[in-house]
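Written out below as structure tokens is the structure these notes cover.
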Amino acid sequence: METPHQTGRRTSLGIFVGFLAGLLWFFLSFAALFNGVIFLLLLFLPAYALSGALLAWVFRLPPIHAALSLVGSALPWVAWLWPATISSSGWLTSLGWPAWLGAAFGMSVLGAQFVAARRRRKPTQTDPALA
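Following my numbering, the numbering of the sequence shown begins with 290 at its first residue and continues without gaps.
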């Protein structure tokens, strides 16, 4: 049985690892978008989902904490990029950055929720009629 101190250390490490992974995924997607490699962006959303699932599985983070740790590192950058791109790209085109962050958050929650639901499910019991 784990003590609360051990659980707190694992949770803190999980949030830190999620922050670093989210930073990596955001800057890779940032580079792909500005270099015109749009098809790579399709790979980053499943990467957010997989990262959320791994955080929930390895560090046992709740889904919302896993998702917030993954997109938390991108929040200051999106807060800077969104208003900065309005003047050059227009209002509608600049909404891509917050939409991208929202999609990454949704995929992170989805991946972590899948793992959390599998963990909560009761183990399979044999059917008495078949035994």
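Each residue gets a CB set at the ideal place from its N, CA and C atoms; glycine is no exception.
Does residue i come out as helix, strand or coil in the three-state DSSP assignment?
i                 : result
arginine 410      : coil
phenylalanine 348 : coil
alanine 401       : helix
serine 318        : helix
alanine 368       : helix
valine 326        : coil
alanine 355       : helix
alanine 363       : coil
leucine 384       : coil
How close, in whole Å, do the beta carbons of residue i and residue j come, if the pair is a contact with beta carbons under 8 angstroms?
i           : j              : result
proline 352 : alanine 401    : 4 angstroms
valine 404  : tryptophan 346 : 5 angstroms
valine 434  : serine 301     : An answer regarding residue 434 cannot be provided, because it is not within the stretch 290 to 420 covered by the chain.
glycine 307 : leucine 339    : Not really, about 12 angstroms apart at Cβ, beyond 8 angstroms.
glycine 311 : serine 362     : 5 angstroms
valine 367  : tryptophan 386 : 5 angstroms
Decide if residue i is buried, meaning its Cβ has at least 16 other Cβ atoms within 10 Å, or exposed.
i                 : result
leucine 309       : exposed
phenylalanine 328 : exposed
glycine 341       : buried
Between the C-alpha atoms of residue i and residue j, what's the straight-line distance to the nearest angstrom?
i                 : j                 : result
phenylalanine 333 : tryptophan 389    : 10 angstroms
alanine 356       : phenylalanine 394 : 6 angstroms
arginine 409      : alanine 373       : 44 angstroms
arginine 349      : valine 326        : 34 angstroms
Who are the near neighbours of residue i in its chain, counting only those whose CB is closer than 6 angstroms to its CB and skipping five residues on each side?
i             : result
alanine 321   : Leu329, Leu330
serine 358    : Ile304, Gly307, Phe308
glutamine 295 : A caution first: glutamine 295 carries a pLDDT of 47, below 50, which makes its placement in the model too unreliable to give a value.
Closer than 8 angstroms by C-beta to residue i: which residues in its own chain qualify, once you throw out the five before and the five after it? Chain order, please.
i           : result
leucine 384 : Trp371
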